[in-house]
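In what follows, a structure is listed as structure tokens, so that the remarks can point back to it.
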Amino acid sequence: MKQDMKHYKDLRSYLQALDEIGDLAHIRQEVDGDLEPGAITRRSCEIDAPAPLFENIRGATPGFRILGAPAARSSRKDMPYARVALSLGLPPASTVPEIVNALLAARQLPGKKPVRIDAAGAPCRQNILRGDDANLDRFPIPFAHDTDGGRYANTWGMLIAKTPDGRWTNWSIARVMKVDGKRMAGLMVPSQHIGQIWAEWVKIGQPMPYALVQGVAPAIACAAGVPIPAGIDEADYVGALWDEPIEVVKALGVDLDVPAHAEVVIEGHVSITRDCPEGPYGEYSGYLGTESSMQPSFHVETISYRDDPIWPLVVAGRPADESHTIWAMGMAADAMALMREAGLPVVSAWAPEESAVHWFVVVVPNDWREKLPNTSSEQFARRVGELLFKADSLVFIPKIFLVDDDIDPTKIADVVWALATRVHPRRKQAVFEEARVVSLAHCYEEDEYASGRGPKVVFDTLQLPIGEGRLRHASFDQAYPQDLRERVLKNWDSMTTSPR
535 MKQDMKHYKD LRSYLQALDE IGDLAHIRQE VDGDLEPGAI TRRSCEIDAP APLFENIRGA
595 TPGFRILGAP AARSSRKDMP YARVALSLGL PPASTVPEIV NALLAARQLP GKKPVRIDAA
655 GAPCRQNILR GDDANLDRFP IPFAHDTDGG RYANTWGMLI AKTPDGRWTN WSIARVMKVD
715 GKRMAGLMVP SQHIGQIWAE WVKIGQPMPY ALVQGVAPAI ACAAGVPIPA GIDEADYVGA
775 LWDEPIEVVK ALGVDLDVPA HAEVVIEGHV SITRDCPEGP YGEYSGYLGT ESSMQPSFHV
835 ETISYRDDPI WPLVVAGRPA DESHTIWAMG MAADAMALMR EAGLPVVSAW APEESAVHWF
895 VVVVPNDWRE KLPNTSSEQF ARRVGELLFK ADSLVFIPKI FLVDDDIDPT KIADVVWALA
955 TRVHPRRKQA VFEEARVVSL AHCYEEDEYA SGRGPKVVFD TLQLPIGEGR LRHASFDQAY
1015 PQDLRERVLK NWDSMTTSPR
């Protein structure tokens, strides 16, 4: 894994790499800072355009910039996941399985603790704001969608918090809405790690210290956006991925360490009550939100930032954006680890982008019956559901499909064909009636959202073993002898080129 890895220690070196492969668009024409960056970023995701870097934002301090779609699909058709691959230090042409395997491999390595450096030389300390000067109004925070409840100060930044006893420091991505220059409201989901840590501070009755960090090294942002087991520090995980520790500095006003090469660092405390309305917000399911909820307030006390800072922007919505790339890859890595630890034979896993993280496909080997003797496919499907539907990392997934290894889960045509021709209308379904339900999954009824419980299902599409009745594909690869296929491919260009 390491021989071809090249790590980008800050956002700016990563942008240089995107520039080199033609996957960065420098937007020098003036844009309206309210909604135009959101609209351009959303269209960029929908047509797989280069990542937009907005360099001239009306009303913003000269030099302040916004980066849209930092880890969405690439504009390079020959390397569709280049942004995620480069973020993790992999070659830009890496495939989904290669990226997932890299995430898996890093989990098996001993973590490397971050190293604290002299703050005087840290790029994130080039400018420091305290007291009334520490105000969000000086930063170009746009609206992501026209119906959002406010400008979202966090869509691809990283929240840092640690337990009151200091045993666990969590770096994670969660949506945070700007309320005014001195306050934000953040969605605090109990099943997510940031929500679990906040609950510990609530229990002791003390506001939670936090840092919201924008524009970190791309591997750090990816690690913050993928599921890692509770109690594991993301900083240590990235250190293992890099094979060297992350450089950090002590925060200015709270007892936390922050990445030294970040673009912007916001510090303060989080209230212990849900005292501020947050939302609505357009989400990964592809729909604009219509409701708000009461969430904790994030009070802004200190801000530091680099010269000419870059603020990353993710505009969640219909596939595909970062919710459907790096998040899905993290889910796949976690599911693979869980299934292998449980002794279940599995080849790969993937949440097809087109499903908006509502489908999860598990691919099993043809010889799974030898590895699980006396187990029917229906029993196999139930074991998979019992394991994955209990995992915090997959709580958002309502439907799992168990498929044979003749299906590539990253090719939506393969997946749709298998589901259309191998899913029985009634049988071979492992239904879990009282599974955990979260409000962000878009396929449930109001009473199920209210109770937090609803059905989930594993569809068993597994066929008979090869040589025991399984039908071959009516395809070029399987319906013709190898020598004929080789001859057709060799002569393809000359046979299919029309004479002038």
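One point on numbering: in my numbering, the residue at position 408 of the sequence shown is 942, and numbering is uninterrupted.
Every residue, glycine too, gets a C-beta built ideally from N, C-alpha and C.
Cβ shell of residue i (< 7 Å), same chain only, five flanking positions each side left out
{"i": "M535", "result": "Per-residue confidence for M535 stands at a pLDDT of 41, beneath the threshold of 50, marking its modelled position as unreliable; no derived number is given."}
{"i": "Q537", "result": "At Q537 the pLDDT is 44, less than 50, meaning the model places this residue with poor confidence and gives no usable figure here."}
{"i": "T1030", "result": "none"}
{"i": "V949", "result": "P886, V895, I941 and P943"}
{"i": "R808", "result": "M828, Q829 and P830"}
{"i": "R576", "result": "V849 and G851"}
{"i": "V772", "result": "A753, I754, A757 and I780"}
Bridge partner(s) assigned by DSSP for residue i
{"i": "M718", "result": "K712 and F832"}
{"i": "N590", "result": "In DSSP, N590 forms no bridge with anything."}
{"i": "A745", "result": "I694 and E801"}
{"i": "Y821", "result": "The partner list for Y821 (beta bridge, DSSP) is empty, contrary to what the question assumes."}
{"i": "Y686", "result": "M711"}
{"i": "F894", "result": "I934"}
{"i": "C810", "result": "Q829"}
{"i": "T1031", "result": "According to DSSP, which records beta bridges pairwise, T1031 is partnered with nothing at all."}
{"i": "G602", "result": "L847"}
{"i": "H560", "result": "L587"}
{"i": "N704", "result": "A695"}
{"i": "A883", "result": "V896"}
{"i": "I837", "result": "L663 and I800"}
Sequence-distant residues of the same chain with beta carbon closer than 8 Å to residue i, five excluded per side
{"i": "T859", "result": "A605, A606, R607, Y615, R617, V618 and E887"}
{"i": "G919", "result": "I934, A964, F966, K990, V991 and V992"}
{"i": "I561", "result": "I574, P586, L587, F588, E589 and N590"}
{"i": "G820", "result": "G851, R852, P853, A890 and H976"}
{"i": "C810", "result": "V713, R717, A719, M828, Q829, P830 and S831"}
{"i": "D568", "result": "P676 and F677"}
{"i": "Y744", "result": "L693, I694, A695, V788, L790, E801, G802, H803, V804 and F832"}
{"i": "H1007", "result": "D940 and A1013"}
{"i": "V565", "result": "P571, I574, F588, N590, I591 and R592"}
{"i": "V881", "result": "V897, V898, P899 and D939"}
{"i": "Y978", "result": "P932, V971 and G988"}
Contact set for residue i: own chain, Cβ-Cβ below 6 Å, skip 5 residues either direction
{"i": "R664", "result": "T836"}
{"i": "D767", "result": "T703"}
{"i": "P648", "result": "A769, P779, I780 and V782"}
{"i": "L643", "result": "A774"}
{"i": "A885", "result": "A862, M865, V891 and F894"}
{"i": "K543", "result": "A751 and H795"}
{"i": "L687", "result": "In the sequence on display, residue 687 carries Ala and not Leu. Contacts found: I675, V710, K712 and M718."}
C-beta atoms of residue i and residue j nearer than 9 Å
{"i": "R546", "j": "Q660", "result": "no"}
{"i": "G749", "j": "C579", "result": "no"}
{"i": "T995", "j": "A952", "result": "yes"}
{"i": "G602", "j": "P853", "result": "no"}
{"i": "V834", "j": "R717", "result": "yes"}
{"i": "A876", "j": "F894", "result": "no"}
{"i": "G802", "j": "G787", "result": "yes"}
{"i": "P763", "j": "E734", "result": "no"}
{"i": "S621", "j": "A583", "result": "no"}
{"i": "M722", "j": "G813", "result": "no"}
{"i": "A969", "j": "K784", "result": "no"}
{"i": "D1011", "j": "R1019", "result": "yes"}
{"i": "V897", "j": "V937", "result": "yes"}
{"i": "K646", "j": "W732", "result": "no"}
{"i": "P999", "j": "R903", "result": "yes"}
{"i": "G986", "j": "P932", "result": "no"}
{"i": "I844", "j": "A668", "result": "no"}
{"i": "V849", "j": "T595", "result": "no"}
{"i": "M613", "j": "I555", "result": "yes"}
{"i": "A984", "j": "P761", "result": "no"}
{"i": "D1017", "j": "S927", "result": "no"}
{"i": "L921", "j": "P879", "result": "no"}
{"i": "G572", "j": "H727", "result": "no"}
{"i": "E856", "j": "G759", "result": "yes"}
{"i": "G691", "j": "V792", "result": "no"}
{"i": "Y818", "j": "L1005", "result": "no"}
{"i": "K945", "j": "A915", "result": "no"}
Integer-rounded CB distance, given that residue j should sit under 8 Å from residue i
{"i": "I806", "j": "V747", "result": "I806 to V747, Cβ: 22 Å. No contact."}
{"i": "D842", "j": "F673", "result": "At roughly 12 Å, the Cβ-Cβ gap does not stay under 8 Å, so D842 and F673 are not in contact."}
{"i": "V634", "j": "A866", "result": "5 Å"}
{"i": "G816", "j": "D682", "result": "7 Å"}
{"i": "E982", "j": "V971", "result": "5 Å"}
{"i": "M1041", "j": "L624", "result": "Residue coverage of the chain in this structure runs from 535 to 1034, which leaves residue 1041 outside it and unanswerable."}
Any C-beta of chain B under 9 Å from that of residue i
{"i": "E812", "result": "You won't find chain B in this structure, because it holds only one protein chain."}
Report the residue ranges of all beta strand (DSSP E) runs contained in full by the stretch 924-993; include only those spanning at least 3 residues, in chain order.
-> Counting only runs of at least 3 residues, the stretch 924-993 fully encloses the following beta strand (DSSP E) elements, listed from N- to C-terminal order: 933-938 and 963-970.
Write down every uninterrupted run of the alpha helix (DSSP H) in the stretch 605-662 whose length is 4 residues or greater and which is fully enclosed by it, in chain order.
-> 616-621 and 630-642
Every unbroken beta strand (DSSP E) inside the stretch 751-803 [3 residues or more] = 781-784 and 791-793
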